[in-house]
Amino acid sequence: MAWTQKVLRINLTDGSIKQEPLNMEWARDYLGQRGLATKYLTEEIDPKCDPLGPDNKFIMTTGPLTGTMSSTGGRYSVVTKSPLTGCVACSNSGGFLGAEMKAAGWDMIIFEGKSPQPVYLYLENEKAELLPADEIMGTSVWAADEWIHKKHQDPLIRVATIGRAAEKGNLYAGVINDLHRAAGRSGVGTVMASKNLKAVAIRGTRGVGNIKDPARFMQAVSDGKKVLHDNAVTGQGLPKYGTQVLMNVINEVGAMPTRNMREVQFEGASNISGEAMHEPRESDGKPNLVTNAGCFGCTIACGRISTIDQGHFSVENKPEYWDASGGLEYEAAWALGSDTGIDDLDALTYVQFLCNEDGIDPITYGATLAAAMEMYEMGAIDKETTGGIELRFGNAEALCRVTELTCRGEGFGIDMGLGSRRLCEKYGHPELSMTVKGQEFPAYDPRGVQGMGLGYATSNRGACHLRGYTVASEIMGIPEKTDPLTTDGKPELVKAFQDMTAAVDSSGLCVFTTFAWTLEDIAPQIDAACEGDWSPDKLLEVGERIWNLERDFNIAAGMTAKDDTLPKRLLKDAAKTGPATGRVNDLDQMLPKYYEVRGWTADGVPTSETRKRFGLKALSA
Amino acid sequence: MTIHISLKLYASLSDYLPDDVEGNIVRIELDDSATPHQVIDRFRVPRQEAHLVLLNGVYIKPEDRDQSAFNDGDTLAIWPPVAGG
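For the record, the sequence lines run as chains A and B. Counting from 1, one number per residue, gives the positions in the first sequence under the working numbering. Counting from 622, one number per residue, gives the positions in the second sequence under the working numbering.
If you want it as structure tokens, here you go:
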């Protein structure tokens, strides 16, 4: 049945560790991973709880296809209440940890309470122990990972850990696994730190069996892999250029958020693009990109492994950064680059390494730095605040220095750890925070991609591209081309992407498969692996149920329709260049219709009929 | 009338740029009656690989690529099927 049907429940307060059966009734309604863990979270915590208090829970969760031979079937997610947004958080990561957790025999690990001392979990199949972590507190992700491998003398252990930023209270710290894969957004690492849980180390040797119909599963998987191979995006574009292939595309269409979203095109975009990562450097003749890399079971392999020019100022006399490591993805390159006005590829790569080394979300970090730069240039903060750093747009040295401080939680880096909303409020300019529900925007300016504006405004975890990636349709023509500058049909398009993505995020598969796969390709794999009848329609129903459940969690946490909005800059200040010149995001033309197609009231609340349709109940008083 | 435009070929299509070009951009001369397909054919880019065709950032549908489209100083940028996120 693909699920292991086992949940590991760990009470960190008293140190008890228990095994319990997976709630299969819920699994049939929520599939796994994002959906199923959100159901557990919703049932077990008060949505109004302090996200950094002991009443919040921290759930690591796999999907039914995690650890199987399905292409990209290595995903796991962290589900908790976010300290950055106050909303439900679900951060999804690749690498190898998820498959290892499944091979150890677990669908889900639920951490509750707070440990009185720093600990890490060592999990080897059924053997689970909380061990002292005093020696690795205050160390980076990379140092903690190395220490755990040496201590247990097993190179095959997979480790997920937090770095120094999380321990210092940075509100957008992630959980890094396999050194440079991240459950990155919404501060899930900060929650882990609040529980005195430094790391989770897993060794699984059981494999993943229990497939409902093995022969049919193998055929469905084989068919799916052929589709990925034969598709130009998943078979050629992503392996060669990674997500960074988008840098020039998005700049060309005038949707590149630049200098804290004051502009929509960046003159230095080509210097930090996927194509630039292939160009030989003048100094040593080597390109930034060493190779691509794949996560567990992935036949796409979009990951970037990069090096920094050893003569670059950022790594001069720092040989620890001279080796190849996880390089720039588009989202990081945009936030660290165009949003700060910096087109120094080596500097951005160094900062990406630091984000991995100490576990911070480069999107929120880059956007927060951009807001700080704007405040610095207007005089709202000065060198006394920054510790003498000239925090101007385009200053690559400032970028590197502030990142070092932020990752270690020192000096001005403590302020930076607040995220842009709290930082801008602290210094009297809340209007300069480019966020929705407290989370920073990803890499598509919604003045140039109208549907994404609606997607950001209604995303259940704050501004996010991975909750409904309408860019695929509006810019790239996947599955079919729509006009990025029109609002017509966008409510329906956004809803369709949101529901489909929620289902994929609950399966154990990577959402990048959907550049080639439809649910017609995914459903047969799930159906052959899992008990039940998993048709494309059933998956869409599950996705819509998850979306409504997340919405109800957020409503109960205190969110209202007033939070479904965008910063005034994007609603009032028109784009000055490119195809979107003269345009703002016309959210008001889309939001009422979106509520209607969702089956929500005009105030954005699921109607009783909608809840009944999905077997939900109101969570709020 | 002769006009000049900038042609940008990205990702795997950069292989179709002349060898002496730096970066992904080449300035070309053409008649103002030229069509996007004529430019695509001139650089031997297989039409089926010219998936995302943008004139000054605006998408040109496949069915419109045989119509005159250019003004002096325009930018035509072309990609194969790409995506990311």
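All C-beta atoms, glycine included, are put in the ideal place defined by N, C-alpha and C. Just so we're clear, the structure is a prediction, and the values are computed from it rather than from any experiment.
Taking Cβ positions only, does residue i come closer than 8 Å to chain A?
i	result
Y680(B)	yes
L673(B)	yes
N677(B)	yes
V666(B)	no
G705(B)	yes
N605(B)	No statement about residue 605(B) is possible, as the shown extent of chain B runs from 622 to 706 and does not include it.
I626(B)	no
P657(B)	no
P639(B)	no
A690(B)	no
So which residues of chain D does residue i contact, with C-beta pairs closer than 7 Å?
i	result
S635(B)	In the structure shown, chain D cannot be found, because the protein chains are A and B.
Which residue's Cα is closest to the Cα of residue i: the options?
i	options	result
E124(A)	R158(A), E43(A), M434(A)	R158(A)
S325(A)	E331(A), G337(A), T307(A)	T307(A)
K57(A)	W106(A), A166(A), A193(A), P21(A)	A193(A)
D415(A)	G387(A), E431(A), S473(A), E440(A)	G387(A)
S641(A)	L354(A), P446(A), P116(A)	Lying outside 1 to 621, the shown extent of chain A, residue 641(A) is not represented and no answer is given.
L485(A)	V679(B), P657(B), S627(B), S654(B)	V679(B)
A690(B)	W700(B), G706(B), D652(B), G644(B)	D652(B)
D309(A)	A128(A), A293(A), I300(A), A347(A)	A347(A)
R583(A)	N231(A), V264(A), A335(A)	V264(A)
Q669(B)	T68(A), V188(A), A232(A), R181(A)	A232(A)
A201(A)	G207(A), V191(A), L179(A), T190(A)	L179(A)
S93(A)	W106(A), E541(A), M69(A), T62(A)	T62(A)
C298(A)	T581(A), L509(A), A575(A)	L509(A)
D588(A)	D134(A), V119(A), A602(A), V511(A)	A602(A)
L622(A)	E480(A), A443(A), I478(A), G448(A)	Examination of residue 622(A) is not possible in this model, given that chain A is present from 1 through 621 alone.
W334(A)	Y120(A), V249(A), A457(A)	V249(A)
F217(A)	K562(A), P524(A), A371(A), E167(A)	P524(A)
For residue i, does the three-state DSSP call read helix, strand or coil?
i	result
V253(A)	coil
F353(A)	helix
L634(B)	helix
L405(A)	helix
D652(B)	strand
M624(A)	The question about residue 624(A) has no answer, for chain A in this structure spans 1 to 621.
N248(A)	helix
S702(B)	Strictly speaking, residue 702(B) in this sequence is Pro, with Ser absent from that position. DSSP places P702(B) in coil when its eight states are reduced to three.
I300(A)	coil
S115(A)	coil
E275(A)	coil
Q19(A)	strand
M218(A)	helix
A128(A)	strand
H625(B)	strand
A690(B)	coil
K6(A)	strand
P592(A)	helix
V315(A)	helix
E25(A)	helix
L12(A)	coil
P287(A)	strand
Hey, is residue i's beta-carbon within less than 8 Å of any beta-carbon in chain B?
i	result
A621(A)	Low confidence applies to A621(A): its pLDDT is 49, below 50, so where it sits in the model is not reliable enough to give any reading.
S71(A)	no
S194(A)	no
F266(A)	no
S270(A)	yes
N395(A)	no
- Item | Interface residues of the stretch 230 to 259 of chain A facing chain B [CB-CB below 8 Å] | N231, A232, V233, Q236, G237, L238, K240, Y241, G242, T243, Q244, V245, L246, N248, V249, E252, V253, G254
- Task: Select from the stretch 464 to 484 of chain A all residues with a C-beta closer than 9 Å to any C-beta belonging to chain B, and list them in chain order.
- Result: H465, L466, Y469, V471, A472, I475, M476, G477, I478, K481, D483, P484
- Item | Contact list for the stretch 297 to 317 of chain A against chain B, Cβ threshold 9 Å | C302
- Item | Contacting positions in the stretch 569 to 597 of chain A - beta carbon closer than 8 Å to chain B | G578, P579
- What residue ranges within the stretch 136 to 212 of chain A form continuous beta strand (DSSP E) runs of no fewer than 3 residues, ordered along the chain? 158 to 161, 175 to 177, 181 to 183, 197 to 203
- Task: Output the residue ranges of the alpha helix (DSSP H) runs that lie fully inside the stretch 502 to 585 of chain A and measure 4 residues or longer, sorted by chain position.
- Result: 519 to 529, 536 to 557, 568 to 572
- Only counting runs of 4 or more residues, tell me where the alpha helix (DSSP H) segments fall wholly within the stretch 459 to 491 of chain A, in order along the chain. 471 to 474
- Query: At which residue ranges does the stretch 396 to 448 of chain A contain complete alpha helix (DSSP H) runs of 4 or more residues, listed in the order of the chain?
  - Reply: 396 to 408, 412 to 416, 419 to 426
- Message: Quick check on the DSSP output: what are the complete beta strand (DSSP E) runs of length 3 or more inside the stretch 325 to 380 of chain A, in order along the chain?
- Response: none
- Query: Closer than 9 Å, Cβ to any Cβ of chain B: which residues of the stretch 322 to 334 of chain A, in chain order?
  - Reply: E329, Y330, E331
- Message: Give me the subset of the stretch 501 to 518 of chain A whose CB atoms are less than 8 Å from a CB atom of chain B, sorted by chain position.
- Response: V511, F512, F515
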